[in-house]
Structure formats: structure tokens, C-alpha cells
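Visitor: In our numbering, the protein residues as written are 10 to 454.
Right, I'll just put the structure down here and ask away after.
Here you go:
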């Protein structure tokens, strides 16, 4: 008898499967015999428990398992035979008794939706361009210098000078202080410290605190009121005004290394000195610009694809993606060392919107790749791996590292596939070139 598939909606389907209970007889005997070999009953040696006792205790369970397995096998055979584009796992519901001669199951399932592609030529996307000049290279080198900053006491002569005649604390100085805070004249928990160190101007402390320390010299003290923000992490003092007194123990000025060949060597530039260092800094900035511009264009293209295409998203796929995001969040918490992260409740509902968007895009990309033949080729994958490997000291080892792991290779394949989609989309859409500075590019999400 031909199996009928009932249409319950755009992606929802239902079918009923039937088979004879007698078809499972041999499997049932074998399963019960296997259970009997490990079943433990007082008074009987292992493997010697009477069949009647095995039947009584495990008969219904074995029937249940075998019937579900049989229905599942029949369903997947049906999907393969009829070419059903199954989305997610089916739901099987028995509609007959375990002891019935004819066993019947209703199977509820979802199929992959039809994706209606919009008019890509009606879309407009922005492609940013950024030039790296000497000023950008200088700023990048200043960041590298600050990473090697060290401090000297103001007013004390040394190999790098004394920091100037003014020994008062200035922005950029490292200060070491003692402080005590009081609420209504009473010290509060966390409001007192000795030899507390911070750098003025970094924004680590509350503005009132930094303003009070600014301009003080070693040995000087100052009292001032400080109102904690209403959302301050310390709930006992949040929104309250405390009276603080600080005493400066030391004021240290920042010395950054001079940009010379020795500095270049400290960054790993063995030959070529400052000129080679600037060349390498520019190469790194150019790579960062390319990465940022590609990422921004990809994000905009994906958003436009999501908006231009119509489809009904199967709930089963969204549920699976939500579960995957929950597990990913849990792993992240565990890696951060969050206590009880393994058992922390993480509601799947908070990922509903994100999961739906991901599933939608996945279905859209899959359809687009199939229709436009945009799958990543072997040569494209090889070229991408070699380009990434070129930035490392031993490119051959990096290439081997990628090809030795199917998961890493799949990541590269997906990256190339997305690039193919972007190229296809931008070949049809209106692309607006926009020149911006490196600083502006860095601030874009």
C-alpha cells in the first residue's frame, strides 16, 4: 500500500506507517535473550534466568524499543525513496497498542522550505576603502611603545631623565596612594586600601577619584566627596555619597622606548631595523583593513539576503540551533572559570531570535550556492589556506595543520563559500564605494 503524506502547512507534514508485529518476532527473541544474559535475579546464575521472568520484566520495554526503531527505519527509507528534503528530526507517535497485530505510527515532520529569492539588483551595499599612510603607521608604533612602557619616580634623576621639574601627578602618570572612604563618618567594606596603584587618565577609577589625585605631590593628602553611580557594582554604596581621603605615596612618570633599531629588535625584527619594522607594521595594518572591510561587507550582504528572501523557517531547525547556542554559551562560561557553569540554567528562549536568523541564512545560502554553483573549489580552498599561512613564520607547517584536521578544513571551505556568495551578490547589487580613515573603520561594528 502506498504511503500517503499529508500536508499540514508550508513545511509541516504527516504520514502514517504500518507494519506487522510478527515482522519483529525474531528480533524480539534475540533482544530478550541478550537481556537475559546480563539480568540479575536472586537464586539464579547469570544467563540462567527463566525466559518467563525476562519476558515479564522486559517484554513491554523491548516491544516499545523495537517498534519505534522499526517505524524510524521505515520513515527514513521513505524519505530516501521519495526524495523528501527532511528538516530536523521527526516526531513519532504510536497509534496502536503494543500487542496489536498491526502496528501503526503517526509521523510528524518538517521539510526544507522553498526559498524565494528577491531581486538582488535592487539592493545597495557599501564597500569601504581605507589607505594606510605614515600617520597610521606612527600611531600603531605608539601603541607598541606603550606596551613596553615603564615608570620612573618624578624628580629623581636616572638614565632616562627625571621627568621634568614639575613633580605633581599628571595625566599618564602612575600614582601609588593610600585611601580611606567613609559613609556618615563610618568606614565601609572595600573603602580602604594601602599602596593602591593606578594610572591617571586611563579611566580605571571614578572621575572624582582621578580628579582628586591629579596635581598632588608625594606626601600630600586630599579629602573630597564622591557619589557612587546608581548602578555601581557595590550595592551597599551604589547611589550614596562617601567622603574619601587620599594620600600620595609615589608619583611616577611614563617612559616609552625610543623608536630605534633596538626597539625594532625587541619586536622580533632581526634585520632591517626601523625601516623594516615600519614595513611590517604597514603589512599588518593592511591585513587588518582587509579583514575589517571584508567583515563589514559580509555582514551587510547577509542582512540584505535575509531581507530580500522569503521562506518559512522549520521550527525543528531553530530548536536545534538554540540548543547548540546554549551549549556554546555554557562552554564559554566554563572556559572563563564561572562557578557551576556546567549546571547553570541557560534558557534556550534567549537565543530564539539569533537562532532563527542563523537558520534562515543557512537555508538561503544553501539554496543560493546550489542554484548558482557557488560551492568552494579545491583550488579556492588551497589558495585561502596558503594566504593565511603566509603570515606565519613557518607557512608549510600551518598548511599541514589545516589539512590534518577535517573540521579546520571545513571552516576554510565555509569561509570561501561565503566569499563566493558575497562576490555573486555584489556583482548584481549596487555597490557604493566609501573612503574612510583607519580610525573611522576601527569604530564601525
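Ideal Cβ placement from N, Cα and C applies to all residues, glycine included.
Mind reading off the beta-carbon distance from residue 265 to residue 336? Whole number of angstroms is fine, and I expect it under 8 Å.
Guide: As a working mapping, residue 265 is identified with position 256 in the chain shown. As a working mapping, residue 336 is identified with position 327 in the chain shown. Not a contact, Cβ separation roughly 45 Å.
Visitor: First and last residue of the beta strand (DSSP E) that includes residue 186?
Guide: The sequence position of residue 186 within the chain shown is 177, counting from 1. Residue 186 -> beta strand (DSSP E) spans 183-192.
Visitor: Assuming residue 514 is part of the alpha helix (DSSP H), what are its boundary residues?
Guide: The chain is shown from 10 up to 454; residue 514 falls before or after that span and cannot be answered.
Visitor: Excluding the 5 residues flanking residue 391 on each side, which residues of the same chain have their C-beta closer than 8 Å to its C-beta?
Guide: One-based indexing of the chain shown puts residue 391 at position 382. Around residue 391: no qualifying Cβ.
Visitor: Can residue 41 and residue 63 be called in contact, C-beta distance under 8 Å?
Guide: On the chain shown, position 32 is the one that residue 41 refers to. On the chain shown, position 54 is the one that residue 63 refers to. Cβ atoms of residue 41 and residue 63: closer than 8 Å.
Visitor: Under the DSSP definition of a beta bridge, which residues are partnered with residue 255?
Guide: In the chain shown, residue 255 corresponds to position 246, counting from 1. Beta-bridge pairing links residue 255 to 188 and 231.
Visitor: Taking the alpha carbon of residue 131 as the point to measure from, which residue in 120, 316 and 245 has its own alpha carbon closest?
Guide: Stepping through the chain shown from its first residue, residue 131 is reached at position 122. Checking every option, the nearest Cα to that of residue 131 belongs to 316.
Visitor: At what residue ranges does the segment 333-411 contain a whole run of the alpha helix (DSSP H), taking only runs of 4 or more?
Guide: 361-381 and 387-398, all fully within the segment 333-411.
Visitor: Give the range of the beta strand (DSSP E) segment to which residue 97 is assigned.
Guide: As a working mapping, residue 97 is identified with position 88 in the chain shown. 95-103 is the span of the beta strand (DSSP E), which, as asked, contains residue 97.
Visitor: Between the C-alpha atoms of residue 167 and residue 160, what's the straight-line distance to the nearest angstrom?
Guide: Taking the chain shown and counting its residues from 1, the one referred to as residue 167 is at position 158. Taking the chain shown and counting its residues from 1, the one referred to as residue 160 is at position 151. The straight-line gap from Cα to Cα measures roughly 11 Å.
Visitor: Whose C-beta lies closer than 6 Å to the C-beta of residue 104 among residues of the same chain, with five residues either side of it excluded?
Guide: Counting from 1 along the chain shown, the entry for residue 104 is found at position 95. So the list reads 113 and 115, once near-sequence residues are dropped.
Visitor: Please classify residue 20 as buried or exposed, where buried requires at least 16 neighbouring CB atoms within 10 angstroms.
Guide: For the purposes of this step, residue 20 is taken as residue 11 along the chain shown, with counting starting at 1. Buried, because 16 or more other Cβ atoms sit within 10 Å of the Cβ of residue 20.
Visitor: With DSSP run on the structure shown, which of helix, strand or coil describes residue 303?
Guide: As a position in the chain shown, residue 303 is number 294, starting the count at 1. Looking at residue 303 - three-state DSSP - the assignment turns out to be helix.
Visitor: State buried or exposed for residue 152, treating a residue as buried only when at least 16 other CB atoms are found within 10 Å of its CB.
Guide: Your numbering for residue 152 matches position 143 in the chain shown. By the neighbour-count rule (16 or more Cβ atoms within 10 Å), residue 152 is not buried but exposed.
Visitor: Taking Cβ to Cβ, would you say residue 118 is nearer than 8 Å to residue 99?
Guide: Along the chain shown, one-based indexing puts residue 118 at 109. Along the chain shown, one-based indexing puts residue 99 at 90. Taking 8 Å as the Cβ cut-off, residue 118 and residue 99 qualify as a contacting pair.
Visitor: Put residue 149 into one of helix, strand or coil per three-state DSSP.
Guide: One-based indexing of the chain shown puts residue 149 at position 140. Note: residue 149 maps to helix in three-state DSSP.
Visitor: Could you check which residue in 420, 332 and 223 has the C-alpha nearest to that of residue 363?
Guide: As a working note, residue 363 is residue 354 in the chain shown. Checking every option, the nearest Cα to that of residue 363 belongs to 332.
Visitor: Give the C-beta separation of residue 263 and residue 346 to the nearest angstrom, bearing in mind that I take them to be a contact with Cβ-Cβ under 8 Å.
Guide: Here residue 263 corresponds to residue number 254 of the chain shown, with the count starting at 1. Here residue 346 corresponds to residue number 337 of the chain shown, with the count starting at 1. Not a contact, Cβ separation roughly 32 Å.
Visitor: Apply the 10 Å Cβ neighbour rule to residue 24 and answer buried if 16 or more other Cβ atoms are within range, or exposed otherwise.
Guide: Here residue 24 refers to the residue found at position 15 of the chain shown. Under this definition residue 24 is a buried residue.
Visitor: Are the CB atoms of residue 227 and residue 257 nearer to each other than 8 Å?
Guide: In the chain shown, residue 227 corresponds to position 218, counting from 1. In the chain shown, residue 257 corresponds to position 248, counting from 1. For residue 227 and residue 257, yes; Cβs fall inside 8 Å.
Visitor: Could you tell me the alpha carbon to alpha carbon distance between residue 291 and residue 450, rounded to whole angstroms?
Guide: Here residue 291 corresponds to residue number 282 of the chain shown, with the count starting at 1. Here residue 450 corresponds to residue number 441 of the chain shown, with the count starting at 1. About 16 Å.
Visitor: Helix, strand or coil for residue 22? Go by DSSP, reduced to three states.
Guide: Sequence index remark: in the chain shown, residue 22 carries index 13 (1-based). Of the three classes helix, strand and coil, the one that applies to residue 22 here is strand, per DSSP.
Visitor: Please determine if the segment 400-417 and the segment 432-444 are in contact, where contact requires at least 3 C-beta pairs separated by less than 8 Å.
Guide: Taking 8 Å as the limit for Cβ pairs, the verdict is that the segment 432-444 does not touch the segment 400-417.
Visitor: Give the range of the alpha helix (DSSP H) segment to which residue 16 is assigned.
Guide: Counting from 1 along the chain shown, the entry for residue 16 is found at position 7. No alpha helix (DSSP H) contains residue 16, which is instead part of the beta strand (DSSP E) from 14-16.
Visitor: If you run the structure through DSSP and keep just helix, strand and coil, what is residue 264?
Guide: Working through the chain shown from its first residue, we reach residue 264 at position 255. Residue state, collapsed to three classes: strand.
Visitor: At which residues does the alpha helix (DSSP H) containing residue 442 begin and terminate?
Guide: For the purposes of this step, residue 442 is identified with residue 433 of the chain shown, where counting begins at 1. Taken as a continuous stretch (DSSP letters only), residue 442 belongs to no alpha helix (DSSP H), being part of the beta strand (DSSP E) at 439-444.
Visitor: Residues bridged to residue 205 by DSSP?
Guide: Here residue 205 refers to the residue found at position 196 of the chain shown. Paired residue(s): 186.
Visitor: Could you say if the segment 60-77 and the segment 43-52 meet the contact criterion of at least three C-beta pairs nearer than 8 Å?
Guide: Judged by Cβ distances under 8 Å, the segment 60-77 makes contact with the segment 43-52, as three or more pairs qualify.
Visitor: Going by the beta-carbon positions, is the gap between residue 172 and residue 163 smaller than 8 Å?
Guide: For the purposes of this step, residue 172 is identified with residue 163 of the chain shown, where counting begins at 1. For the purposes of this step, residue 163 is identified with residue 154 of the chain shown, where counting begins at 1. Closer than 8 Å, so yes.
Visitor: What span of residues does the alpha helix (DSSP H) with residue 134 cover, start to end?
Guide: To locate residue 134, count along the chain shown from 1; it is residue 125. Here residue 134 belongs to no alpha helix (DSSP H); instead the beta strand (DSSP E) covers 133-138.
Visitor: Please name the residue, chosen from 358, 359 and 338, that lies closest to residue 352 on a Cα-to-Cα basis.
Guide: Counted from its first residue, the chain shown places residue 352 at position 343. For the residues 358, 359 and 338, the minimum Cα distance to residue 352 belongs to 338.
Visitor: Would you mind reading off the limits of the alpha helix (DSSP H) that contains residue 162?
Guide: By one-based count along the chain shown, residue 162 stands at place 153. It is not in any alpha helix (DSSP H) - residue 162 instead sits in the beta strand (DSSP E) that spans 159-162.
Visitor: May I ask which residues mark the beginning and end of the alpha helix (DSSP H) holding residue 45?
Guide: Locating residue 45 in the chain shown gives position 36, where the first residue counts as 1. Residue 45 -> alpha helix (DSSP H) spans 34-47.
Visitor: Assuming residue 431 and residue 310 make a contact with CB atoms under 8 Å, what is their CB distance in whole Å?
Guide: Your numbering for residue 431 matches position 422 in the chain shown. Your numbering for residue 310 matches position 301 in the chain shown. With 8 Å as the limit, residue 431 and residue 310 qualify as a contact, their Cβ atoms being about 5 Å apart.
Visitor: For the segment 245-261 and the segment 194-205, state whether three or more C-beta atom pairs, one from each stretch, are separated by less than 8 Å.
Guide: The segment 245-261, when compared against the segment 194-205, does touch it at the 8 Å Cβ threshold.
Visitor: Quick one: any contact between the segment 119-130 and the segment 373-381, if contact means 3 or more CB pairs under 8 Å?
Guide: The segment 119-130, when compared against the segment 373-381, does touch it at the 8 Å Cβ threshold.
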